[in-house]
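For reference, the structure discussed in these notes is given below.
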Amino acid sequence: MTGPTEEELEQRALELKVQELRERKASRLFSGRVDFLLSAPQLKFLPEPTVPEIAFCGRSNVGKSSLLNALTGRKSIARASVTPGRTQELNYFEIGMADPNVPDGKSLFRLVDMPGYGFAKAPVKVVERWKKLVRTYLRGRQVLARNLVLVDSRHGLKEVDREMMKMLDEAAVGYRIVLTKTDKIKASELERVANRIADESRKHPAAFPTLHLTSSEKGMGIEALRAAVVEDALGASYFDN
Ligand SMILES: Nc1nc2c(ncn2[C@@H]2O[C@H](COP(=O)(O)OP(=O)(O)OP(=O)(O)O)[C@@H](O)[C@H]2O)c(=O)[nH]1
Ligand SMILES: [Mg+2]
3 MTGPTEEELE QRALELKVQE LRERKASRLF SGRVDFLLSA PQLKFLPEPT
53 VPEIAFCGRS NVGKSSLLNA LTGRKSIARA SVTPGRTQEL NYFEIGMADP
103 NVPDGKSLFR LVDMPGYGFA KAPVKVVERW KKLVRTYLRG RQVLARNLVL
153 VDSRHGLKEV DREMMKMLDE AAVGYRIVLT KTDKIKASEL ERVANRIADE
203 SRKHPAAFPT LHLTSSEKGM GIEALRAAVV EDALGASYFD N
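Numbering (the numbering used here), first residue to last: 3 to 243.
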């Protein structure tokens, strides 16, 4: 067996450098303006669809709010709860400034923290209301650029996650699968879970082929996810200069 050629090694080094620059630029964006905009308990309270949106969905307690805090480098901009099911509305956050001279003006994009699903103790009525809100949002929101489907790395995909992925496939909204809390399991176990989910995600037309492995607690995978989110919201050309 022969190892990689010199050209291949050079190519790889170049790719790493490019990725590092992208992550640095994305992190700079997130270290700027991050403002809570509003909580929408119903669709009629959504803001005007003026900028791209990236939505965070996942089971209750999976770590959506914590990931949002980690990405924005803010300790508690999105309330991270100890009580599952605390986030019951669509919570909107403004990221970046379209015009640096107008601090409160139009943002570059918005992050949307969605209510958690699959909370066993939630009353049927609440679950039904949630499903309707989320389904209508996902199907109809023109500015929705990407979804992040968060999955607890200790638990893997559950039926409610598969239901969510199916809903996204049908709505043709592309999504990234983000494994959370990777600090809580052994590396060997993480690899096993990640491979299994990657295999399964290949059967979902709207799922991205690569998984994101993250820990909001330890910061793992956060910079790479920042770059991915910025590219999803603003396009790859944002990194051009
Ligand atoms: N160890 C560890 N704990 C985490 C991580 N991310 C979140 N948690 C913990 O998991 C719990 C739930 O986190 P949240 O961010 O509130 O989860 P959520 O998905 O927003 O929950 P809901 O809004 O209720 O749906 C909290 O106790 C967090 O501290 C992580 O990366 N590592
Ligand atoms: Mg939350």
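The beta-carbon is built from N, C-alpha and C at its ideal position, and this holds for glycine as well. Bear in mind the structure is a predicted one, so any value in this text is a computation, not a measurement.
By a C-beta neighbour count over all protein chains shown, 10 Å radius and 16 as the cutoff for buried, is residue i buried or exposed?
i    : result
F58  : buried
L73  : buried
P105 : exposed
F210 : buried
L40  : exposed
R204 : exposed
F32  : buried
S78  : exposed
K188 : exposed
L45  : exposed
A15  : exposed
D101 : exposed
F111 : buried
S109 : buried
V126 : exposed
S190 : exposed
E10  : exposed
Only counting the same chain, and skipping five residues up and downstream in sequence, which positions put a Cβ closer than 7 Å to that of residue i?
i    : result
L159 : V153, I199, E202
K27  : F241
P49  : L39, L40, Y94
E91  : S41, A42, P43, P117
V232 : A28, L31, Y240
What three-state label does DSSP hand residue i in the structure shown?
i    : result
G60  : strand
D37  : strand
R204 : coil
A230 : helix
T212 : coil
L135 : helix
A42  : strand
V104 : coil
E219 : coil
N243 : coil
A188 : As written in the sequence, residue 188 is Lys, which differs from the Ala given in the question. K188: coil per DSSP, three-state reduction.
L23  : helix
K160 : coil
V129 : helix
L48  : coil
What does a CB cutoff of less than 6 Å around residue i pick up in its chain, not counting 5 residues either side in sequence?
i   : result
L69 : S218
K19 : none
Round the Cβ separation of residue i and residue j to the nearest angstrom and send it over; I've been treating them as touching at under 8 Å.
i    : j    : result
D242 : P207 : No, D242 and P207 are not in contact; Cβ-Cβ is about 29 Å, not under 8 Å.
G120 : S62  : 6 Å
A173 : L135 : About 14 Å; that fails the 8 Å criterion.
R178 : A124 : That belief does not hold up - the Cβ atoms of R178 and A124 are roughly 26 Å apart, past 8 Å.
T251 : T216 : Residue 251 falls outside the range modelled here, since the chain spans only 3 to 243, and no answer is possible.
G65  : T182 : 4 Å
V128 : V151 : About 21 Å; that fails the 8 Å criterion.
List the residues that DSSP assigns as beta-bridge partners of residue i.
i    : result
I97  : V36, F111
V1   : One cannot answer for residue 1 here, as it falls past the ends of the chain, which runs 3 to 243.
E55  : R112, L146
Y119 : R61
L92  : A42
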